[in-house]
Amino acid sequence: MWQTLFDFTNVIALGGWALLILLPRRESVLACVLYGGVGLLCATYLVMLVALVGNLVDPAPAAGTAPNPAFEYSVEGLMAMFRSEAAIVVGWTHYLALDLFAGLWIARDADGRAVGRLVQVPFLLATFMAGPAGLFAWLIARLFLRADETENA
346 MWQTLFDFTN
356 VIALGGWALL
366 ILLPRRESVL
376 ACVLYGGVGL
386 LCATYLVMLV
396 ALVGNLVDPA
406 PAAGTAPNPA
416 FEYSVEGLMA
426 MFRSEAAIVV
436 GWTHYLALDL
446 FAGLWIARDA
456 DGRAVGRLVQ
466 VPFLLATFMA
476 GPAGLFAWLI
486 ARLFLRADET
496 ENA
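Quick look at the structure:
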């Protein structure tokens, strides 16, 4: 089950990134990325999180490990929680949703600053591969780019 959900969320995220990078930035495309990509990932995350936290599903701990204790907000607590396939998939979906949302914001911000698509691609790919690093790179770059009169930041 968890592998299927992992595969599903990856397909949704990859589709969103492909639309964002490859297609013209029409409002319908951006809405598809926002609701069909980010929104669907967020909804999937929420359902999985409620099922996991509510003990509605078996988190399937890794072979040879003890069942997960109650969540403890510490490095040890996180290590214990992420021994389960369920927690890995829920956490991964969290990353996918927020990284795609950050990519969408970068694309809209760059378009508003009249930054060409080829210049945007490295920032979008960096955000796809290493979310905060790509976002940080864009935040630095945008300091040096002209803002349109109708900036949405």
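Sequential numbering from 346 applies to the sequence shown in the numbering used here. For each residue, glycine too, the CB sits at the ideal point set by N, CA and C. All values reported here derive from a predicted model rather than from experimental measurement.
Using the three-state DSSP reduction, which class does SER373 fall into: helix, strand or coil?
Translated into positions along the sequence shown, residue 373 becomes position 28. In this structure, SER373 counts as helix in the three-state DSSP scheme.
How many angstroms separate the CA atom of TRP347 from the CA atom of ILE366?
Position 2 of the sequence shown, counted from the first residue, corresponds to residue 347. Position 21 of the sequence shown, counted from the first residue, corresponds to residue 366. In this structure, the straight-line span from the alpha carbon of TRP347 to that of ILE366 is close to 28 angstroms.
To the nearest angstrom, report how far apart ILE451 and VAL383 are at their CA atoms.
By 1-based counting over the sequence shown, the position of residue 451 is 106. By 1-based counting over the sequence shown, the position of residue 383 is 38. So the alpha carbons of these two residues sit roughly 14 angstroms apart.
Throw me the rounded Cβ distance for the LEU490 and VAL460 pair, which I believe falls under 8 angstroms.
What you label residue 490 is simply residue 145 of the sequence shown in a count that begins at 1. What you label residue 460 is simply residue 115 of the sequence shown in a count that begins at 1. Yes, LEU490 and VAL460 are in contact; Cβ-Cβ is about 6 angstroms, under 8 angstroms.
Take TYR390 and list the residues in its own chain whose beta-carbon comes closer than 7 angstroms to its own, dropping the five residues that flank it on each side.
Within the sequence shown, residue 390 is the residue found at index 45, counting from 1. So the list reads VAL435, THR438, HIS439 and ALA442, once near-sequence residues are dropped.
Figure out for me which residue from ALA475, LEU480, PHE351 and MET474 has the closest Cα to the Cα of ARG453.
Taking the first residue of the sequence shown as 1, we reach residue 453 at position 108. The shortest Cα separation from ARG453 among ALA475, LEU480, PHE351 and MET474 belongs to LEU480.
What separation, rounded to the nearest whole angstrom, lies between the Cα atoms of LEU397 and GLY381?
As a working mapping, residue 397 is identified with position 52 in the sequence shown. As a working mapping, residue 381 is identified with position 36 in the sequence shown. Approximately 24 angstroms, taken between the alpha carbons.
Could you please give the first and the last residue of the uninterrupted alpha helix (DSSP H) stretch that includes GLY476?
Indexing the sequence shown from 1 puts residue 476 at position 131. 462–486 is the extent of the alpha helix (DSSP H) around GLY476.
For THR354, does the count of other Cβ atoms within 10 angstroms reach 16, so buried, or fall short, so exposed?
Position 9 of the sequence shown, counting from 1, holds the residue named residue 354. Result: buried.
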